[in-house]
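K.L.:
Provided herewith is a single structure, encoded as structure tokens, for subsequent inquiry.
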Amino acid sequence: MQNVRNPNLTSSKGTRFMGFLLLVGVPTLVLFAFFLTPEDDNMEDAVRLLYIHVPMAIFAYVAVITTGIGSIFYLWKKSRWWDTVAHASAEIGLIFCGLVLVTGSIWGRPTWNTWWEWGDVRLVTTLVLFLMLLGYLALRQVPANPDLRAKRASVVGIIVAINIPIVNRSVEWWENSTLHQQSSLTDGKLEDLTLFTLFLGLILAGVCYLWLMTHRFRVGWLQTEIENEGAIGVLQERIAEGTASSTETIIKEDGEGEVR
Amino acid sequence: MLRDAWLIAQKDLRIEIRSRIITNQIAPYTLLILVLFGFALDADIETLRDTGPGLFWVSILLVAILAIQRAVDIENSDSAQDRLLLSPVSSFSIYIGKTLGLFLQLLLLEVLMMIAMIALFDSSVDDFLLVSATGVIATIAIASTGTLYGVLATGLGVRETLLPILLLPVLAPVVIGATRAFGDAFGRVNADGWAWVGLLSVVAVLYTLLGMLAYGQLLEEA
Amino acid sequence: MLRDAWLIAQKDLRIEIRSRIITNQIAPYTLLILVLFGFALDADIETLRDTGPGLFWVSILLVAILAIQRAVDIENSDSAQDRLLLSPVSSFSIYIGKTLGLFLQLLLLEVLMMIAMIALFDSSVDDFLLVSATGVIATIAIASTGTLYGVLATGLGVRETLLPILLLPVLAPVVIGATRAFGDAFGRVNADGWAWVGLLSVVAVLYTLLGMLAYGQLLEEA
Amino acid sequence: MTPVIDLQNSMVLLGRFPALTDLTMLASKGEIIIVKGPNGAGKSTLLRLCAGLLPMKQGTGSVLGFDLTTERMSVRPHVGLLGHKTGLYADLTVEENMGFWAQISNASSADKRSAMDLLGLKGRLESVCVRNLSEGQRRRVSLATLVVQRPSIWLLDEPHAALDKEGKELVDSLIIEASKAGATVLIASHEIDKVGLNQKRIIEIAGGSVVSDTGESHGKENNVT
Amino acid sequence: MTPVIDLQNSMVLLGRFPALTDLTMLASKGEIIIVKGPNGAGKSTLLRLCAGLLPMKQGTGSVLGFDLTTERMSVRPHVGLLGHKTGLYADLTVEENMGFWAQISNASSADKRSAMDLLGLKGRLESVCVRNLSEGQRRRVSLATLVVQRPSIWLLDEPHAALDKEGKELVDSLIIEASKAGATVLIASHEIDKVGLNQKRIIEIAGGSVVSDTGESHGKENNVT
Ligand code: HEM
Ligand SMILES: Nc1ncnc2c1ncn2[C@@H]1O[C@H](COP(=O)(O)OP(=O)(O)OP(=O)(O)O)[C@@H](O)[C@H]1O
Ligand SMILES: Nc1ncnc2c1ncn2[C@@H]1O[C@H](COP(=O)(O)OP(=O)(O)OP(=O)(O)O)[C@@H](O)[C@H]1O
Ligand SMILES: [Mg+2]
Ligand SMILES: [Mg+2]
């Protein structure tokens, strides 16, 4: 991913393939989700939200964990690559997490008769995750020394990632303070077709994540690249400042340079 | 005179925009306060809707305190205020300028917070005009008093804490009035919203006049 | 090592006592927040008692943000922090010292606020031990995270607003836990308070450890 | 002609501390006066008093004909003060700071440009936030805002501080120019020997009052340069 | 003997700006080095780099044998830095500030007393809050905390600024004493001619790198005073 051949484009063969997959996949998913799968006994048509809600949730996890890993590696290796990964992934994580909240709320309206339930641990922990991501991205937006900002963002990134197991386990830890579904995927309660559609949704969400990630990463990378290119100009200007200040001494300086 | 005021307001807004404070930070902060209340009150949606107007104004007041502190900091961190005093700008213009800057920031915040509240607490607005009028007038009262008390609490080395304790009691009537008016506008309370707006207007005018008179006095001392 | 930490905490406390911030300002501020909520919620005494624990912790959190900002300002206003970094004191000691200073201040505040709440809302404490344990442990979590995030948000010119938006979500679980535990202790909610205290302890230990690890990293940059 | 600055037995309290105890001095139009004295003598306090920023506790005084006890506010627009602090907005760029202060002082943008050029604030520096400038660069910006303001009284608190050699010379020439244009200049400085001014009057203060004044008679006769 | 400060082609970024571009210098034990150069040349940045407060972007460097890229933290306790800012607590009195920094640096209270006496901080000044001090008095307190610390490397950023004549002489004698005791002293200053030191090496920097150095060979031979 590091070598972007054409700096004017952030796409490549790989991303175009992923884009193509999505182009084909999304209509297929819609077809399955809306027409081929049956409606639920008590949730009726609303159940169809499952096919976006769950994949989005899973890949929000993936995105945030990637941010966490990127942050750890940045603190360890101090490499810009990991920093860009962490940043890019957090942005996508925020979008996915937002979609989980939105689809969940829409789903909750018919099934729980409320958009939002303040006492529900999963809902609340998901919202906390969303807010933490907002904070993380706010920190990344602050105009400041890039190295300093990257380091601080990494510390925050790790703390955000710690939240993931809490969101995931919350339904089990506080069984009686949640309306939300516990893991139903693993119980094998789902019908075959539903299960298939759900997996299709998962795969598509995965492709979508990778696709967005590649683009966002490249944009981020190019941004720093451009800034660095600017920096070279500034550097030359700065060096010129020194040479302009006294021409005599430079000759002396050069002489000494050889001795070294 | 108004040109000077506008110059000062513009400068404050530019500094805020420069640091991307409003979009990236204050806006999420308002959201956060609402969410925090949601957590802490652990209430059903009906209660939240009932208390919504109150929470709205208390939150705005708390955020306003932050905004006022920043507005004062801008002038004081490197004693730019002395510089302003030594310029041909009248203390009246300084007052209007600082108030205007604060007013515009707070207004933007209120709009954002209103959207968040409608979304989160699922409230519905019955009387849009009433909401707007209340918002604008209460904000004038908050901004004018805030600017005045901002300098009042400055230069003592303890601003962060002194400001709220001076300011909150003075603005308590504004909060109460605006809450009642919002309650009416949201259709949650059986109050005469416009009567409250009338009261708020009186307070706003009074505070602004007081501010204009007292500000010069305070700056003279400074 | 602990001697250094104590020196730093002592210095922070002395500065706060010098400016009489806590007794003359923060304490009235907490009181004010309670009163303001009383107005805004316009509720009967039963509702206030029910929401009491939540209001208590939200207020403490808002006040804590002010206290954290002051703690950071003390080091930064004339770049005393650089001086500290160049002294033989370890970053670990600095972290412990700043956290300790903050902890003691917040604890004092909580006691004051508790007295005010009992007086104003006419609440009664069923389980005094539970209240104390919750108070101490939640405060450790708030102080340790606050100190860490305090430096994190510093030096970017936007601390006032960045700090709350970073800090509040992280502390939201603490607020929830402490609210539930208080609810039990006040006999208003049927929750297992001690289980929440257990959870709070885990969070407090986790945040403190994280703080110790990350603080040095952040100071290295500064 | 009345003196521009006329202080008689002035006493100024900072908190409860008498920073100026019993200070008497006169300054006339176009005069350049250097105020020296040990640390804590009251030099900065004297300048702030003349700017109308501090109240006088005892004594009488007038600046530009305005009484310092009653018309302190009217004095202010006519003086320019360069204090120990720069009075700039750290989050705005050099250009923006200059723009703001120029507009506030009703100066034209050509004046602004020339002040910036004069103090070497051109090229990349224009778009750097004041927060990121070096100490000397910040002082230069602060000086430039003063030049734009064209006050009738210049109160300079250690104007040479943090400036490089060329900068110090620049300040000297600025002072001479201002004085030629009829402004009165009061300079608090520890670098008197460095101030390359030929005709200068030196007032030494200590413990909040004048201990010596090379131009006492000079001042009294109201000689104008 | 290894040099105390050894910078090879160091580059330091402040934000995105290369404040030091390609700076090479050596300093040995007991040496007194004056760093001069125009405003914004990078003097303060150089001092902060040597203190281990800034990361090096390119080049290599070591201070007291600690590598600046990997062991920056270990350098810090051994250096004393007097910056443009004083690093004091404005709300504490002079006495309390001195007490705190003395205890933090593990200095005895007798040392603290003598440092305060040396810098003229006695009598009423002891119980004045630092916030209320005059500029020069604040610098004196800052210097006193440094004297108490007894660092092996003194990094002084315009140590003469804001001090009166007697204060400036005091600083010179402090520097000579420190150097005699084996400390390396780096002074960034615009007042070189005022620094009354006989044996001094002057490094001139501009645009973030060294343009002249009177004692290059001197440094290389590691002459110790
Ligand atoms: C705003 C409201 C909602 C939020 C924030 C939310 C959040 C989440 C999250 C974070 C997950 C991933 C859990 C995991 O695998 O660890 C999830 C999964 C799931 N959600 Fe929701 N949800 C919401 C509303 C709903 C509603 C209303 C329903 C249906 C009644 C629902 C049904 C499900 C199901 C079936 C899963 C899959 C559980 C599994 O197999 O693990 N959600 N939700
Ligand atoms: N609140 C206070 N309490 C006690 N002393 C005070 C207070 N405020 C100011 N001072 C004293 O008043 C004097 C102020 O002097 P000023 O700042 O005018 O000195 P200066 O001549 O400018 O000195 P410098 O050369 O150091 O700048 C100082 O001695 C200071 O200690
Ligand atoms: N974020 C930034 N963006 C652009 N330029 C910067 C930034 N930070 C620092 N600089 C520049 O880096 C240089 C810092 O130099 P430094 O403070 O070391 O100067 P100095 O030699 O100490 O000058 P002085 O004599 O004025 O104290 C200045 O030219 C400043 O403008
Ligand atoms: Mg002074
Ligand atoms: Mg410098």
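Residue numbers (the working numbering), protein chains in the order written: chain A, 1410 to 1669; chain B, 73 to 294; chain C, 73 to 294; chain D, -17 to 207; chain E, -17 to 207.
Think of the CB as a built atom: it goes at the ideal place given N, C-alpha and C, for glycine as much as any other residue.
No experiment lies behind these values; they were computed from the predicted model shown.
1) When you compare the CB of proline 1574 of chain A with every CB in chain C, is at least one pair closer than 9 Å?
2) Is there a Cβ from chain B that is less than 9 Å from the Cβ of leucine 272 of chain C?
3) Count the C-beta pairs between the region 42 to 56 of chain D and the region 67 to 87 of chain D that are closer than 8 Å, then say yes if the count reaches three, no if not.
4) Could you tell me if the beta carbon of leucine 106 of chain B falls within a distance shorter than 8 Å of some heavy atom in ligand 1?
5) If you count every other CB in all the chains shown that lies within 10 Å of the CB of glycine 1642 of chain A, and 16 or more means buried, which is it?
6) I'd like to confirm something about isoleucine 1635 of chain A: is its beta-carbon nearer than 8 Å to some heavy atom of ligand 2, or not?
7) I'd like to know if proline 125 of chain B contacts chain H, where contact means its C-beta is closer than 9 Å to some C-beta of that chain.
8) Against chain E, which members of the region 148 to 165 of chain C pass a CB distance test of less than 7 Å?
9) Counting only beta-carbon atoms, is valine 130 of chain B nearer than 9 Å to chain C?
10) Where does alanine 191 of chain C land, buried or exposed, given buried means 16+ other C-beta within 10 angstroms?
11) Is any heavy atom of ligand 1 found at a distance shorter than 8 Å from the C-beta of tryptophan 1582 of chain A?
12) Tell me, please, which residues DSSP counts as bridged to cysteine 111 of chain D.
13) Check for me: the beta strand (DSSP E) holding threonine 1534 of chain A runs from which residue to which?
14) If you draw a straight line from the C-alpha of lysine 104 of chain E to the C-alpha of methionine 98 of chain E, how long is it?
15) Considering only the beta carbon of each residue, do lysine 67 of chain E and aspartate 122 of chain C sit closer than 9 Å?
16) Beta carbon of valine -14 of chain E, beta carbon of threonine 166 of chain E: below 9 Å?
17) Output yes if chain C places a C-beta closer than 9 Å to the C-beta of isoleucine 1481 of chain A; else output no.
18) Of all the CB atoms in chain B, is at least one closer than 9 Å to the CB of glutamate 186 of chain D?
19) May I ask you to list the residues that DSSP assigns as paired with alanine 9 of chain D?
20) For a cutoff of 9 Å on Cβ pairs, would you count isoleucine 246 of chain C as touching chain A?
21) Quick one: grab the DSSP three-state call for methionine -7 of chain E.
22) Is proline 20 of chain D near ligand 2, in the sense that its beta carbon is under 8 Å from a heavy atom of that ligand?
23) Residues in its own chain within less than 8 Å of asparagine -9 of chain E by CB, not counting five upstream and five downstream?
24) Beta-carbon of arginine -2 of chain E versus every beta-carbon of chain A: anything under 9 Å?
25) Give me, in chain order, the residues of the same chain whose beta-carbon lies closer than 7 Å to that of aspartate 146 of chain D; leave out the 5 immediate sequence neighbours on both sides.
26) Spatial neighbours of valine 246 of chain C within its chain, please: C-beta separation below 7 Å, excluding the five flanking residues on both sides.
27) Specify, as a first and last residue, the run of the beta strand (DSSP E) that glycine 62 of chain E falls within.
28) Note the first and the last residue of the continuous beta strand (DSSP E) segment covering serine 277 of chain E.
29) Tell me whether arginine 183 of chain D sits in a helix, a strand or coil according to DSSP, three-state version.
30) For a contact defined as C-beta to C-beta under 8 Å, what are the partners of serine 191 of chain E on chain A?
31) Name the DSSP beta bridge partners of lysine 1560 of chain A, please?
32) Which of the residues in the region 60 to 81 of chain D, read from start to end, lie with their CB under 8 Å from any CB of chain B?
33) Would you call lysine 202 of chain E buried or exposed, if buried means 16 or more other Cβ atoms sit within 10 Å of its Cβ?
34) Does the region 1535 to 1542 of chain A come into contact with the region 1488 to 1497 of chain A, if we say contact requires no fewer than three beta-carbon pairs (one atom in each stretch) closer than 8 Å?
35) Of all the alpha helix (DSSP H) runs that stay within the bounds of the region 194 to 257 of chain B, which reach a length of 4 or more residues?
36) Quick check: the region 281 to 293 of chain B against the region 138 to 152 of chain B, are at least 3 beta-carbon pairs closer than 8 Å?
P.N.:
According to the data block:
1) The count along the first sequence starts at 1 and reaches residue 1574 of chain A at position 165. Judged by the 9 Å Cβ criterion, proline 1574 of chain A is not in contact with chain C.
2) The count along the third sequence starts at 1 and reaches residue 272 of chain C at position 200. Chain B, which has no Cβ nearer than 9 Å to the Cβ of leucine 272 of chain C, makes this no.
3) Touching, no, given that fewer than three Cβ pairs across the two stretches are closer than 8 Å.
4) Within the second sequence, residue 106 of chain B is the residue found at index 34, counting from 1. Proximity of the beta carbon of leucine 106 of chain B to ligand 1 is not indicated: no heavy atom of the ligand is located closer than 8 Å.
5) Position 233 of the first sequence, counted from the start, is the residue given in the question as residue 1642 of chain A. By the 16-neighbour rule on beta-carbons within 10 angstroms, glycine 1642 of chain A is exposed.
6) Counting from 1 along the first sequence, the entry for residue 1635 of chain A is found at position 226. False, no ligand heavy atom lies under 8 Å from that Cβ.
7) Checking the listed chains, one finds no chain H in this structure; the protein chains it contains are A, B, C, D and E.
8) In summary, the residues of the region 148 to 165 of chain C whose CB is separated from some CB of chain E by less than 7 Å are Ser149, Asp150, Ser151, Ala152, Asp154, Arg155, Leu157, Leu158, Ser159, Pro160 and Val161, in the order they occur in the chain.
9) For this step, residue 130 of chain B is matched to residue 58 along the second sequence. True, the Cβ-Cβ gap to chain C drops below 9 Å.
10) In the third sequence, the residue the question calls residue 191 of chain C occupies position 119. By the neighbour-count criterion, in which a residue is buried when 16 or more other Cβ atoms sit within 10 angstroms of its Cβ, alanine 191 of chain C is exposed.
11) The residue given as residue 1582 of chain A occupies position 173 in the first sequence. Set against 8 Å, the gap from the CB of tryptophan 1582 of chain A to the closest heavy atom of ligand 1 is not smaller.
12) Here residue 111 of chain D refers to the residue found at position 129 of the fourth sequence. Beta-bridge pairing links cysteine 111 of chain D to D/Thr75.
13) Looking up residue 1534 of chain A in the first sequence gives position 125. Taken as a continuous stretch (DSSP letters only), threonine 1534 of chain A belongs to no beta strand (DSSP E), being part of the alpha helix (DSSP H) at 1530 to 1550.
14) Reading the fifth sequence from its first residue, position 122 is the one you call residue 104 of chain E. Reading the fifth sequence from its first residue, position 116 is the one you call residue 98 of chain E. A direct Cα-Cα distance of roughly 7 Å separates lysine 104 of chain E from methionine 98 of chain E.
15) Residue 67 of chain E sits at position 85 when you count from the first residue of the fifth sequence. Residue 122 of chain C sits at position 50 when you count from the first residue of the third sequence. In this structure, aspartate 122 of chain C does not lie closer than 9 Å to lysine 67 of chain E by Cβ.
16) Reading the fifth sequence from its first residue, position 4 is the one you call residue -14 of chain E. Reading the fifth sequence from its first residue, position 184 is the one you call residue 166 of chain E. In this structure, valine -14 of chain E sits near threonine 166 of chain E, with a CB-CB distance shorter than 9 Å.
17) Looking up residue 1481 of chain A in the first sequence gives position 72. So, not an interface residue.
18) The count along the fourth sequence starts at 1 and reaches residue 186 of chain D at position 204. With 9 Å as the cut-off, glutamate 186 of chain D does not count as an interface residue toward chain B.
19) Taking the fourth sequence and counting its residues from 1, one reaches residue 9 of chain D at position 27. Paired residues: D/Ile(-13).
20) On the third sequence, position 174 is the one that residue 246 of chain C refers to. Looking at the sequence shown, residue 246 of chain C is not isoleucine but valine. At a cut-off of 9 Å between beta carbons, valine 246 of chain C makes no contact with chain A.
21) One-based indexing of the fifth sequence puts residue -7 of chain E at position 11. It is a strand residue.
22) Here residue 20 of chain D refers to the residue found at position 38 when the fourth sequence is read from its first residue. Distance from the C-beta of proline 20 of chain D to the nearest heavy atom of ligand 2 is below 8 Å.
23) One-based indexing of the fifth sequence puts residue -9 of chain E at position 9. Counting only Cβ-Cβ distances below 8 Å, and skipping sequence neighbours, we find Asp4, Leu5, Thr6, Gln40, Gly41 and Thr42.
24) Within the fifth sequence, residue -2 of chain E is the residue found at index 16, counting from 1. For arginine -2 of chain E, the nearest CB of chain A lies under 9 Å from its own CB, placing it at the interface with that chain.
25) Position 164 of the fourth sequence, counting from 1, holds the residue named residue 146 of chain D. Result list for aspartate 146 of chain D: Gly118, in chain order.
26) For the purposes of this step, residue 246 of chain C is identified with residue 174 of the third sequence, where counting begins at 1. So the qualifying residues of the chain are Ala210, Ala213, Ile214, Leu272 and Val275.
27) On the fifth sequence, position 80 is the one that residue 62 of chain E refers to. 61 to 64 is the extent of the beta strand (DSSP E) around glycine 62 of chain E.
28) Coverage of chain E is limited to positions -17 through 207, which leaves residue 277 of chain E absent and any answer about it impossible.
29) Within the fourth sequence, the letter at position 201 stands for residue 183 of chain D. In the three-state scheme derived from DSSP, where H, G and I count as helix and E and B as strand, arginine 183 of chain D is classed as strand.
30) Counting from one through the fifth sequence, the residue named residue 191 of chain E turns up at place 209. The answer, in chain order, is Ile1648 and Gly1651.
31) Counted from its first residue, the first sequence places residue 1560 of chain A at position 151. Partner residues in a beta bridge of lysine 1560 of chain A, as assigned by DSSP, do not exist.
32) Hits within the stretch, in order: Val61, Gly62, Leu63, Gly65, Lys67, Thr68, Gly69, Leu70, Tyr71, Ala72, Asp73, Leu74 and Glu78.
33) Mapped onto the fifth sequence, residue 202 of chain E falls at position 220. Any reading at lysine 202 of chain E must be qualified, since the residue scores a pLDDT of 44, below 50, and its modelled position is unreliable; the value itself is stated next. Result: exposed.
34) The region 1488 to 1497 of chain A and the region 1535 to 1542 of chain A do not touch, with fewer than three beta-carbon pairs separated by less than 8 Å.
35) Entirely contained in the region 194 to 257 of chain B, the alpha helix (DSSP H) runs reaching 4 residues are, in chain order, 200 to 224 and 231 to 257.
36) The answer is no - the region 281 to 293 of chain B does not touch the region 138 to 152 of chain B, with fewer than three Cβ pairs under 8 Å.
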